[in-house]
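Undergrad: Pasting a structure below so you can have a look.
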Amino acid sequence: MSLNTLELIGEVVQIETLRYTPAGIPLLSFTLRHMSEQVEAGMQRKVECNVPVMAIGQIAEKAKHIQSGANLRVSGFIAQRSLKSTQLVLHINILEII
Amino acid sequence: MTAQSPQQNILKIALDVPMDRLFDYLAGDFHVEVGQRVVVPFGSRKRVGVVIEKCNSTDIPSGKLKAVLSAFNDEYPLDADTFSLLRFCADYYQYPYGQALLSALPTRLRQTEPAVSRKQYVYALTATGLKVALDEIPARQVVQRRIFSALSEQHECDESELNALSATWRKSMQLFIEKSWVSRREILAGLQQASASSAALPALNDEQVNALDAMLKEADIFKPWLLHGITGSGKTEVYMQLIQRILTDHHGQVLVLVPEINLTPQLESRFRSRLPEFPLVSLHSNLGESERLQNWQLAQSGAARIVIGTRLSVFTPLPQLRLIIVDEEHDGSYKQQDGMRYHARDIALVRAQRAKVPIVLGSATPALETWHNATTGRYGHLTLTNRAVAQSRLPDIRCIDVSRSEMQDGLSPILITAMRERLVKGEQSLLFINRRGYSPVLLCNACHWIAPCMRCSSRLVVHLRQGRLRCHHCGHEQKIVPQCPSCGNPDLHPTGHGTQRLEQTLAALMPEARILRVDRDSTRRKHALTDMLAAVHADEVDILVGTQMLAKGHDFPNLTLVGVIDTDSALFSPDFRAAERLFAQLMQVAGRAGRADKAGEVLIQTTFPEHNLFNALRVQDYKAYADALLQEREMTQFPPYAFLAVIKAESTHYSEAQQFLQQAADAARALNLDVMVYDPIRPQMERLKGMERVQLLLQANSRQPLQTLLRNLVPSLRESKLGAKIRWAVDVDPQEF
């Protein structure tokens with residue numbers, strides 16, 4: 001029941017400034033714009049989505065230099081933004097600039 | 099030591115032990131006066147006691163009677179007035195007499211060693227010394243030579259001057275004294291006295307003159323006065339001229355009570371410079387033990403004519419008391435919150451009555467009890483409605499509806515604009531927020547966990563720069579947790595605003611402004627507050643961010659804007675006095691704005707701009723609001739229309755405290771007096787410092803049945819086995835519960 005992995009390629013469209021949690025852990029939020037073609041019901045289709053991404057810890061330090069327009073390959077898990085919001089956020093563990 | 103007449107050989111002694119009785123001892127060979135301190139054996143320990151009575155009989159079998167170990171014969175004995183005042187307090191507040199009496203003494207007088215404050219001397223050359231030439235001291239003895247030349251030049255040197263000459267001056271001085279070149283004379287450091295100042299008295303306005311005349315007309319009898327003066331109306335000036343007139347006409351002493359230690363140095367220097375002809379001492383818990391003892395003894399001997407002090411000074415023996423002044427009489431800090439839970443204002447009233455002297459209660463927002471007494475004619479009622487500085491006007495007060503404005507980190511655009519305007523004009527602003535720290539809550543958005551104090555029913559406050567979570571109730575402190583202990587989310591949110599966060603927000607909004615935060619954290623260092631206030635006066639600060647520390651008494655002429663942030667929580671408090679306190683506090687804070695010749699503005703951020711309290715505040719109408727609150731109190735039968743006492747119990751086990759108070763409630767009901775006995779309930783703060791708390795409220799229409807009930811009930815509670823296992827206390831006329 002612990003399967004929760006999402007791999008995604010996309011372009012950085014919006015990036016927040018690096019902030020820190022009260023305990024001093026760096027934290028960076030940005031939005032990835034994903035565009036691809038996928039197969040559904042045996043038919044080709046286009047997929048477009050904006051995915052909110054959050055990087056916490058060392059990976060946030062690594063990501064802080066990326067800029068809008070950069071293409072990234074990321075992998076992580078999804079979680080609800082907060083108890084009150086149903087919006088999902090991709091928390092990443094792996095980040096590659098491509 | 100003289101021989102005792104046998105019939106006076108038994109001493110009844112008050113000891114600082116939690117038993118409401120006196121203890122019998124044999125005087126032995128000591129010649130002891132009533133009021134003297136003695137050391138006695140008590141169990142396996144030695145204790146200090148005060149002799150209350152000498153008599154010739156005791157219930158204790160003579161073989162078991164122990165003798166006094168030593169007596170402090172060199173000290174002034176305590177006087178009968180002090181005894182009877184503390185006896186009264188002990189009875190009224192249901193506290194053991196011995197503990198009440200001893201806790202009213204300075205610490206040095208509660209120790210088993212003789213109480214000596216460090217003596218200070220001035221040194222001068224003797225006739226022999228004057229004949230000595232400097233050459234007689236070897237040239238190698240630099241320090242000796244330096245001191246000797248100083249003495250021959252200055253005639254007399256005190257210790258601070260000698261300290262400045264050399265750190266090792268005492269050794270050389272000892273040598274001079276042995277040679278009889280130098281003699282020394284003891285001085286009392288606390289007493290600084292100068293000749294009468296020739297400076298003209300500030301002219302009083304008509305209202306001040308009327309107030310002064312009215313009080314002087316009845317200066318020889320017990321008469322309580324309410325001096326109700328708006329902020330900045332010159333109450334202090336009235337006090338000072340009243341003191342001057344009374345002390346000039348009579349040989350007497352004046353007791354001035356002030357609410358906060360922070361305010362004593364300020365008031366003290368004002369009094370010293372205006373009334374230099376009268377020796378003045380201050381008494382508060384920030385004094386060193388030695389100084390406190392000395393000041394206390396100066397008051398006791400009658401040498402100090404003016405005593406300024408916080409609540410503890412209300413018990414100071416003053417043999418020639420002529421007048422008591424209670425400044426800011428509504429202030430909550432007059433109520434002692436542990437030990438004997440006395441109210442210094444109420445005790446001051448009793449004291450004035452016993453000494454048959456007038457007492458002046460001064461305030462801009464009197465306590466409703468006092469207001470009630472003044473409006474029903476029990477107190478003389480004097481009003482100052484004009485600001486003392488003729489040009490200064492009362493500030494313009496407005497509320498900002500925060501639900502309708504776009505807030506920026508807790509600040510509304512109107513407030514930000516107003517601050518920017520002040521910044522451009524070179525005037526100062528004050529933001530008042532009654533919460534220190536960065537934010538009052540650390541919240542996990544993912545699961546809504548909130549950092550709790552494990553020992554109290556409270557939340558831990560975020561102190562971001564220090565990386566700490568602190569409980570402001572019990573002092574518990576820990577590192578900020580790296581992740582939510584409940585769900586593991588590291589992205590925790592400090593929620594809500596405290597002084598530190600406001601300071602940070604302002605720094606980001608107005609980087610050019612010089613911002614100063616004044617709260618208990620930033621003023622922890624000694625003299626920090628004094629330095630900060632000096633910086634404000636020197637115009638080195640543009641924006642002040644502060645807690646209630648800044649609300650009272652301070653007078654900043656260049657301050658023209660006060661912003662009040664987030665006071666709404668007090669509007670919903672279950673405490674029936676919360677509204678009264680909030681009103682008083684906001685009136686005080688508002689009074690900081692525009693005290694000199696510049697007009698002031700006050701902006702209050704609230705969700706309820708139409709609340710009665712703010713309506714009354716806007717027109718600065720204390721009277722209307724007080725009368726409305728009094729009507730409410732009358733309808734709901736709360737003080738001053740009812741008299742309350744609370745028995746508070748706490749224990750590590752809730753059931754013990756609960757059971758104890760249930761027994762107390764049953765016993766109280768069985769007494770069948772005209773007192774409403776409620777059921778034991780949990781207070782708002784259910785747990786404090788790891789203790790489960792329960793309280794029992796007693797309510798009556800007059801003091802008398804309530805006192806009768808307590809007098810009958812409390813001794814049986816002291817006998818209770820359960821009571822011995824838990825902590826409990828009686829709070830008569832409680833301020834908060």
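As you go down the protein sequences, you meet chains A and B in turn. At position 69 of the first sequence (counting the first as 1) the number is 69 in the numbering used here, and the numbers step up by one without a gap. Each position in the second sequence, counted from 1, maps to that position plus 98 in the numbering used here. Glycine residues also receive a C-beta, built at the ideal position from the N, C-alpha and C atoms.
1) Quick check: the region 651–671 of chain B against the region 499–519 of chain B, are there 3 or more CB pairs under 8 angstroms?
2) Between Gln80(A) and chain D, is the shortest Cβ-Cβ distance under 9 angstroms, so that the two count as touching?
3) Can you grab the Cα-Cα spacing for the pair Ser103(B) / Leu167(B), in whole Å?
4) Determine whether the beta carbon atoms of Ala112(B) and Leu391(B) lie at a separation below 9 angstroms.
5) Given 8 angstroms as the limit, is there contact between the region 726–734 of chain B and the region 779–798 of chain B, that is, 3 or more CB pairs closer than that?
6) How would you label Tyr123(B), buried or exposed, when you count the other beta carbons within 10 angstroms and need 16 or more for buried?
7) To the nearest angstrom, report how far apart Asp673(B) and Leu466(B) are at their CA atoms.
8) What residues in the region 572–606 of chain B bring their beta carbon closer than 9 angstroms to a beta carbon of chain A?
9) Which of the residues in the region 49–61 of chain A, read from start to end, lie with their CB under 9 angstroms from any CB of chain B?
10) Glu790(B): which of Leu808(B), Ala606(B), Gln581(B), Ser555(B) sits nearest, CA to CA?
11) Do you know whose CA, among Ile406(B), Thr362(B), Gly400(B), lies nearest Leu419(B)'s CA?
12) Compare the C-beta of Val560(B) with all C-beta atoms of chain A and state if any pair is closer than 9 angstroms.
13) Please tell me whether Leu83(A) has its Cβ less than 9 angstroms away from any Cβ of chain B.
14) Please check the pair Lys321(B) and Gly478(B), which I expect to be a contact at CB under 8 angstroms, by giving their CB distance rounded to whole angstroms.
15) Can you give the beta carbon distance from Val840(B) to Ala442(B), rounded, assuming they're within the 8 angstroms contact cut?
16) Select from the region 12–24 of chain A all residues with a C-beta closer than 9 angstroms to any C-beta belonging to chain B, and list them in chain order.
17) Could you tell me how far apart the beta carbons of His595(B) and Leu541(B) are, in whole angstroms, since I believe they sit closer than 8 angstroms?
18) Does Lys162(B) pass the burial test, meaning 16 or more other C-beta atoms within 10 Å, or should it be called exposed?
19) Using a beta-carbon distance cut-off of less than 9 angstroms, what residues from the region 22–45 of chain A approach chain B?
20) Assuming Leu513(B) and Leu642(B) form a contact by the criterion Cβ under 8 angstroms, report the distance between their Cβ atoms to the nearest whole angstrom.
21) Tell me, please, whether the CB atom of Ala724(B) is closer than 9 angstroms to any CB atom in chain A?
22) Taking the straight line between their C-alpha atoms, what separation do you get for Gln398(B) and Leu325(B)?
23) Determine, for His546(B), whether the minimum Cβ-Cβ distance to residues of chain A falls below 9 angstroms.
24) To which residues does DSSP link Thr593(B) through a beta bridge?
25) Relative to the alpha-carbon of Asp179(B), which residue among Phe121(B), Ala169(B), Ile150(B) has its alpha-carbon at the smallest distance?
26) Compute the Euclidean distance between the alpha carbons of Ile824(B) and Val307(B), then round it to the nearest angstrom.
27) Just to confirm before moving on: does the CB-CB distance between Val39(A) and Arg45(A) stay below 9 angstroms?
28) Starting from Asn543(B), find everything on chain A with Cβ-Cβ shorter than 9 angstroms and list it in chain order.
29) Considering only the beta carbon of each residue, do Arg679(B) and Gly430(B) sit closer than 9 angstroms?
30) Would you call Phe530(B) buried or exposed, if buried means 16 or more other Cβ atoms sit within 10 Å of its Cβ?
31) Distance, Cα to Cα, Arg566(B) vs His652(B)?
32) I'd like the span of the alpha helix (DSSP H) that includes His635(B), first residue to last.
33) I'd like to know if Gly565(B) contacts chain A, where contact means its C-beta is closer than 9 angstroms to some C-beta of that chain.
34) What separation, rounded to the nearest whole angstrom, lies between the Cα atoms of Arg502(B) and Pro707(B)?
35) Taking Cβ positions only, does Leu684(B) come closer than 9 angstroms to chain A?
36) Does the region 179–193 of chain B come close enough to the region 433–441 of chain B to have 3 or more Cβ pairs within less than 8 angstroms?
TA: A quick look at the data gives this:
1) Because the criterion of three Cβ pairs below 8 angstroms is met, the region 651–671 of chain B and the region 499–519 of chain B touch.
2) Here the protein chains are A and B, and chain D is not one of them.
3) Working through the second sequence from its first residue, we reach residue 103(B) at position 5. Working through the second sequence from its first residue, we reach residue 167(B) at position 69. Legend: pLDDT at Ser103(B) = 48, less than 50; position of this residue unreliable, no value from coordinates given.
4) Position 14 of the second sequence, counted from the first residue, corresponds to residue 112(B). Position 293 of the second sequence, counted from the first residue, corresponds to residue 391(B). No, the pair does not count as a contact, with Cβ atoms beyond the cut-off.
5) The region 726–734 of chain B vs the region 779–798 of chain B: no contact.
6) As a position in the second sequence, residue 123(B) is number 25, starting the count at 1. Tyr123(B) comes out buried.
7) If you number the second sequence from 1, residue 673(B) lands on position 575. If you number the second sequence from 1, residue 466(B) lands on position 368. Between the alpha carbons of Asp673(B) and Leu466(B) lies a gap of roughly 15 angstroms.
8) Those would be Lys577, Ile578, Val579, Pro580, Gln581, Asn587, Pro588, Asp589, Leu590, His591, Pro592, in chain order.
9) Here the close residues are Met54, Ile56, Gly57.
10) Within the second sequence, numbered from 1, the residue matching residue 790(B) stands at position 692. Out of Leu808(B), Ala606(B), Gln581(B), Ser555(B), Ser555(B) has the C-alpha closest to the C-alpha of Glu790(B).
11) Along the second sequence, one-based indexing puts residue 419(B) at 321. That would be Gly400(B), whose Cα lies nearest to the Cα of Leu419(B).
12) For the purposes of this step, residue 560(B) is taken as the residue at position 462 of the second sequence. The beta carbon of Val560(B) falls within 9 angstroms of a beta carbon belonging to chain A, placing the residue at that interface.
13) As a position in the first sequence, residue 83(A) is number 83, starting the count at 1. Leu83(A) counts as touching chain B.
14) If you number the second sequence from 1, residue 321(B) lands on position 223. If you number the second sequence from 1, residue 478(B) lands on position 380. Right, their Cβ atoms sit about 6 angstroms apart.
15) Nothing about residue 840(B) can be reported from this structure: the residues present for chain B run from 99 to 835 only.
16) Of all residues in the region 12–24 of chain A, the ones placed with a Cβ closer than 9 angstroms to any Cβ belonging to chain B are Thr21, Pro22, Ala23, Gly24, in chain order.
17) Walking along the second sequence from the start, residue 595(B) turns up at place 497. Walking along the second sequence from the start, residue 541(B) turns up at place 443. His595(B) to Leu541(B), Cβ: 13 angstroms. No contact.
18) The residue you call residue 162(B) lines up with position 64 of the second sequence. Lys162(B) should be labelled exposed.
19) Those residues of the region 22–45 of chain A that come within reach of chain B (Cβ to Cβ, closer than 9 angstroms) are Pro22, Ala23, Gly24, Ile25, Leu27.
20) If you number the second sequence from 1, residue 513(B) lands on position 415. If you number the second sequence from 1, residue 642(B) lands on position 544. With a Cβ gap of about 14 angstroms, Leu513(B) and Leu642(B) do not count as contacting.
21) On the second sequence, position 626 is the one that residue 724(B) refers to. Any Cβ of chain A closer than 9 angstroms to the Cβ of Ala724(B) would place that residue at the interface, and such an atom is absent.
22) Locating residue 398(B) in the second sequence gives position 300, counting from the first residue. Locating residue 325(B) in the second sequence gives position 227, counting from the first residue. Taking the straight line from one Cα to the other gives about 28 angstroms.
23) Counting from one through the second sequence, the residue named residue 546(B) turns up at place 448. Cβ-Cβ to chain A under 9 angstroms: yes for His546(B).
24) Translated into positions along the second sequence, residue 593(B) becomes position 495. In the DSSP assignment, Thr593(B) is bridged to Val539(B).
25) Looking up residue 179(B) in the second sequence gives position 81. If we check each option's Cα against that of Asp179(B), Ile150(B) comes out closest.
26) Taking the first residue of the second sequence as position 1, residue 824(B) is located at position 726. Taking the first residue of the second sequence as position 1, residue 307(B) is located at position 209. Approximately 55 angstroms between the Cα atoms of the pair.
27) Taking the first sequence and counting its residues from 1, the one referred to as residue 39(A) is at position 39. Taking the first sequence and counting its residues from 1, the one referred to as residue 45(A) is at position 45. Cβ atoms of Val39(A) and Arg45(A): closer than 9 angstroms.
28) By one-based count along the second sequence, residue 543(B) stands at place 445. Those within 9 angstroms of Asn543(B) in chain A are Arg81, Ser82, Leu83, Lys84, Ser85.
29) Here residue 679(B) corresponds to residue number 581 of the second sequence, with the count starting at 1. Here residue 430(B) corresponds to residue number 332 of the second sequence, with the count starting at 1. In this structure, Arg679(B) sits near Gly430(B), with a CB-CB distance shorter than 9 angstroms.
30) Taking the first residue of the second sequence as position 1, residue 530(B) is located at position 432. Looking at its Cβ environment, which holds 16 or more other Cβ atoms inside 10 Å, Phe530(B) is buried.
31) The residue given as residue 566(B) occupies position 468 in the second sequence. The residue given as residue 652(B) occupies position 554 in the second sequence. Rounded to whole angstroms, Arg566(B) to His652(B) spans 31 angstroms at the Cα level.
32) Indexing the second sequence from 1 puts residue 635(B) at position 537. 626–635 is the extent of the alpha helix (DSSP H) around His635(B).
33) In the second sequence, residue 565(B) corresponds to position 467, counting from 1. Yes, contact with chain A.
34) Reading the second sequence from its first residue, position 404 is the one you call residue 502(B). Reading the second sequence from its first residue, position 609 is the one you call residue 707(B). C-alpha separation (whole angstroms): 11 angstroms.
35) As a position in the second sequence, residue 684(B) is number 586, starting the count at 1. No, because no Cβ of chain A sits closer than 9 angstroms to the Cβ of Leu684(B).
36) The region 179–193 of chain B is in contact with the region 433–441 of chain B.
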